[in-house]
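Structure first, commentary second.
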Amino acid sequence: MSYLAPELARKGNEVHLAYLKEGGSNLERLQNSPVHLHKLKAASNYDPKIFCDLLRLVWNIRPDLIQTWINQMDILGGLVALIKGIPWVLRESNSLKAWPPNLKTIIRKWEGCAATAIVANSQGGAECWQLWGFSGPMFVIGNALPVEEIDIAAPTGLFKSSNGQQDKLILYVGRMEDRQKNIYNLIQALLRIVTGGNVKALVCGDGPDLVRIKAYVRDFGGEDKILLPGVVKNVWGLMKECDVFISVSHYEGLPNSVLEAMACGCPLVVSDIPAHREFLNEQSAVLVNHLDPTAIAEGLRDVLENPQTARTRAKIAQEKVSGRTISAVANQYEEVYHKILAR
C-alpha cells in the first residue's frame, strides 16, 4: 500500500489515505509522496471515534471510490462506504484458513458480501469469497515488489568470513507465531541441520511466540547456531547472501517474504501448500511436507548440498517475479477502479 498509493497518485489520481498509528517503516515513504494523509485519532483499535472520523472525512473529500486495505478498515471503512453509497473495493490478502469463526470474521464476511468488488492477491483469497457467497466482480492482483530497490540492495556482509570457512546460512523472515507460520516444526528442522555442522540459521521477526521460541532453542542447546535477532533491517541484503530462504507456513495468501527472496535470487525451501503452488513448482523451489520436521530438514539439506542445482531453481524463480513492479501492479489496480466506476 505504501508503494501503490504514491504510484497511483503520480499517475494523476487524487489519492487520500486514512491511517491510525504514527511511526513504522512505511510512513516516511507516504509523507514524501503526493498522497493526502489523514491521521485518525483513536484511543484504541476499537474506539468508535474511528468510525465517526471516517464518516466526516468521507463527507469532506467526497471520493469516487473507497478501497479498504486492512481487516479493521474492511469493517469500519466498508460500513462508511455502504452508508454513503460509494463504490467500495475490499482487498483480500489471506486464504480461508486465516479466518477463525469469530464475531469479527462474521461481520467482515457479512459486510464484504455487499462490497462493489473484491481484489484478492491470490486464487485462495478469491475462492474464500466465492465460498462465502460474494457474487460481485472479483479480481486477482498479486502483490507488487519494489524491484528496482531490491536490485540495488547490497549484501550486509555480516556473515562474511575472514578465513574462508564461512558457515552456510539459512534465513527465515516472518512473524514469530506458530498458528500460521509453523515455527516450532521449523525450529525442530533447523536443530537437525545445524547440530554438529558448519550451518547457521537466522530466524528474523517478532510476534507472540518469540519468547517461547527463544526458550525452546536454548533448552535444546541451539542458541549459538540458531540466531533470533527479532526485527532486522536490510532483509534484502540478507536474502542475497544466505544459502537458502525457508518458509513452511500452514497457509498463506501471497507471502511477501517469499516473493522478495525470489527477487533476490535466493534458493527456496517452502511448504507444499496451495498458496505456494500458485507461483512455485519443483523447477523453482524445493517444496516439503511442512508437518514433518524431518522432511523440512531433508529439503534444506538438499539445497545446501547441491548449491548449483539450487541456484538454477532460484534463477527460474527470480524470473517469475521480475514483472511484479510497483508500476505494473498500480496499472492493474487503476484498471479495476475504472471498470468499477464505469458501471
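Going by this note's numbering, the first residue of the sequence shown is number 2, and it counts up by one from there.
Using N, Cα and C, we set each Cβ at its ideal position, and we do this for glycine too.
| query | result |
| --- | --- |
| Nearest candidate by alpha-carbon position, reference Val212, set Lys201, Glu224 and Ala202 | Glu224 |
| Continuous alpha helix (DSSP H) assignments of at least 4 residues falling wholly in the segment 134 to 167 | 148 to 153 |
| Selection from Gly266, Cys129 and Lys182 that minimises the alpha carbon distance to Val322 | Gly266 |
| Complete runs of the beta strand (DSSP E) confined to the segment 65 to 113 [at least 3 residues] | 67 to 69 and 89 to 93 |
| Whole-angstrom distance between Ile119 and Tyr200, CA atom to CA atom | Before going on, a small fix: residue 200 reads as Val here, not Tyr. Straight-line Cα distance between these residues: approximately 44 Å. |
| Beta bridge counterpart(s) of Tyr338 as assigned by DSSP | None, per the DSSP bridge assignment. |
| Leu37 - partner residues in DSSP beta bridges | According to the sequence as given, residue 37 is His; it is not Leu. Bridge partners of His37: His17. |
| Cutoff 6 Å; reference Ile297; Cβ partners in own chain excluding five residues on either side | Ala190, Val249 and Val289 |
| Per DSSP, cross-strand counterpart(s) of Thr326 | Leu146 |
| Assumed close pair Asn257, Asn332 - CB separation to whole angstroms, cut-off 8 Å | Contact doesn't hold; Cβ gap of about 20 Å is too wide. |
| Which of helix, strand or coil DSSP assigns to Ala127 | helix |
| Residues near Leu203 in its chain [Cβ-Cβ closer than 6 Å; skip 5 each side] | Leu172 and Leu228 |
| Neighbour-count burial assignment, Phe135, 16 or more Cβ in a 10 Å radius | buried |
| Rounded C-alpha distance that separates Phe52 from Arg63 | 16 Å |
| Segment contact flag, the segment 69 to 87 with the segment 123 to 139, C-beta cutoff 8 Å, min 3 pairs | no |
| Cut-off 6 Å between Cβ atoms - residues of its own chain near Thr326, not counting five sequence neighbours on either side | Val148 |
| 7 Å CB neighbourhood of Ser3 in its chain, flanking five on each side removed | Asn27, Arg30 and Leu31 |
| Buried versus exposed call for Val195 [16 or more other C-beta atoms within 10 Å across all chains shown] | buried |
| Contacts around Asp54, its chain only, beta-carbon distance under 6 Å, and the 5 residues preceding and following it disregarded | Leu41 |
| Residue burial classification, Lys226 (beta-carbon count within 10 angstroms, cutoff 16) | buried |
| C-beta contact flag for Leu58 and Pro88 at 8 Å | no |
| Within 8 Å, strictly: CB atoms of Gly238 and Ala154 | yes |
| C-beta atoms of His277 and Glu253 nearer than 8 Å | yes |
| N-terminal and C-terminal residue of the beta strand (DSSP E) that Lys201 is part of | Val200 to Cys205 |
| Through-space distance from Ala121 to Ile338, alpha-carbon basis | The sequence given here has Tyr at residue 338, not Ile. Tyr338 and Ala121: Cα-Cα distance of roughly 14 Å. |
| Same chain, Cβ closer than 6 Å to Gln68, five either side skipped, listed in chain order | Val90 |
| Whole-angstrom distance between Arg92 and Trp70, CA atom to CA atom | 6 Å |
| Cβ pair His39, Leu5 closer than 8 Å | no |
| Secondary structure of Tyr217, DSSP reduced to three states | helix |
| Neighbourhood of Gln284 by C-beta distance below 7 Å, restricted to the same chain and skipping five residues each side | Arg314 and Ile317 |
| Buried or exposed (CB count within 10 angstroms, at least 16 for buried), Trp60 | exposed |
| Per-residue burial, Leu187 [other beta carbons within 10 Å of its own, 16 or more giving buried] | buried |
| CA-to-CA distance, Met177 to Asp210, given in whole angstroms | 5 Å |
| Cα-Cα separation between Glu112 and Gly25, rounded to whole angstroms | 29 Å |
| Residue ranges of each alpha helix (DSSP H) within the segment 261 to 295, 4 or longer | 275 to 278 |
| Residues bridged to Gly231 (per DSSP) | Cys205 |
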